[in-house]
Structures are given as structure tokens and as C-alpha cells.
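Colleague: Starting off with a structure, shown below.
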């Protein structure tokens with residue numbers, strides 16, 4: 031068992047000094063501090079206050095902040111030196127807000143900018159490991175096993191599910207593009223195929 035040593039001043043009951051509130055919150059109030067007693071012991075007031083704290087100690091925050099800033103500055107200089115030894119920081123292209131060089135408004139929609147070496151969109155290419163390809167090798171939104179967003183709770187393509195009221199289902203309960211009454215786009219003027 032170890033004991034913790036405390037200075038004798040902290041073992042006694044502290045004397046609480048009430049302070050008057052002042053308008054200036056940034057500066058601590060001025061406190062009258064008695065000068066230390068002479069070696070001869072002539073000062074009676076200091077003998078009465080011996081062993082009691084008569085003032086509240088406050089740290090000089092400005093000085094502490096300045097010293098911390100100096101320490102951080104010296105550490106950052108050392109880190110900069112270390113970085114220059116390790117290598118050069120990778121430079122990135124500035125963010126583009128307008129169209130790409132090929133005139134396409136959204137850079138990600140440009141076939142040339144987002145093309146991979148295999149001639150496909152980079153995020154849809156299996157060989158490149160595109161972001162929209164799931165672990166099963168399918169497009170993530172259309173994979174039943176992954177629970178893709180394009181698959182409904184009945185296990186069908188969401189837009190073509192009658193029970194879910196998919197967008198491709200017309201009010202007659204048919205697929206919209208093949209419905210004669212809706213004037214579907216897949217219906218020819220010569221009749222059904």
C-alpha cells in the first residue's frame with residue numbers, strides 16, 4: 031500500500047475569501063497580498079496567517095497560452111523537418127465547379143474523364159473494382175443478396191413490382207411501355223409483335 035504525500039497547506043481547511051463581482055471579466059481582481067514575514071518574526075499579522083491561505087492563486091493564462099503556443103510551434107517545425115526527409119506531400123488537383131475539359135457539366139458523367147482502361151465507366155467496371163460493383167460481381171443496386179436499392183421487399187425489380195406500385199406499372203396493372211390504353215412507347219402502330 032502506498033501513501034500519497036500532500037503538502038501541509040492542503041491538509042488544513044482552506045480560508046474562503048469572497049470577492050466582489052466586477053464588470054471587467056478579463057482581468058482578475060486586485061488582491062492585497064501581505065509581504066512575507068521577516069526572519070526575526072516581528073510581523074504579528076504574518077504570524078496569525080501562517081499556515082492559512084489568505085489569497086486565491088490564479089494562473090497567468092496569457093503567459094501559459096504563449097508558452098504552449100511556443101511549444102507547439104517548435105514541435106510543428108520538427109515535424110516539418112521530418113516530413114521533408116520522408117518525402118513530398120502528394121499534390122491534388124483543385125476542386126472543379128464548372129464543366130470538364132470535354133464540355134460535360136458534371137465531370138463524373140463525362141465518358142472520357144470517368145472512363146477506365148477497359149472502355150467502361152470506372153465505377154461500373156469489375157476489373158477496376160468499381161464502387162458500384164458488389165462482392166458478388168453484380169451491380170450493387172440490382173443485387174438481391176446485397177439487398178440493393180433497386181430490389182423491393184418481394185425480391186423483384188422495384189420499378190416493375192405491382193405490389194409495390196412501381197413506376198413502370200400503369201394504372202391498368204400492366205407494364206407502362208406495353209400498355210395500349212396508356213399509349214405505351216413499345217406499342218407499334220401495326221399492333222403487338
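Numbering (my numbering), first residue to last: 31 to 223. Built from N, CA and C at the ideal position, the CB exists for glycine as well.
Name the DSSP bridge partner or partners of residue 199?
Modeller: 205
Colleague: Is residue 164 near residue 173, with beta carbons less than 9 Å apart?
Modeller: yes
Colleague: Go ahead and pull the three-state DSSP assignment for residue 162.
Modeller: coil
Colleague: Express the C-alpha separation of residue 120 and residue 127 in angstroms, rounding to a whole number.
Modeller: 22 Å
Colleague: For residue 176 versus residue 168, is the C-beta distance shorter than 9 Å?
Modeller: yes
Colleague: Let me confirm a value: residue 93 is counted as buried when at least 16 other C-beta atoms fall within 10 Å, else exposed. Which label applies?
Modeller: Residue 93 comes out exposed.
Colleague: Return the chain-ordered list of same chain residues with a C-beta closer than 7 Å to the C-beta of residue 215, the five sequence neighbours on each side being excluded.
Modeller: 207
Colleague: I'd like to confirm the pairing. Which residues does DSSP put opposite residue 169 in its beta bridges?
Modeller: Residue pairing by DSSP places residue 169 opposite 163 in a beta bridge.
Colleague: How would you label residue 95, buried or exposed, when you count the other beta carbons within 10 angstroms and need 16 or more for buried?
Modeller: exposed
Colleague: In whole angstroms, what is the alpha-carbon distance linking residue 197 and residue 162?
Modeller: Pairing residue 197 with residue 162, the inter-Cα distance amounts to about 23 Å.
Colleague: Please say whether residue 209 and residue 200 have beta carbons closer to each other than 9 Å?
Modeller: yes
Colleague: For a test of the three-state rule: what should DSSP assign to residue 187, helix, strand or coil?
Modeller: strand
Colleague: Quick check on residue 151: does DSSP put it in helix, strand or coil?
Modeller: Secondary structure of residue 151 (DSSP, three-state): strand.
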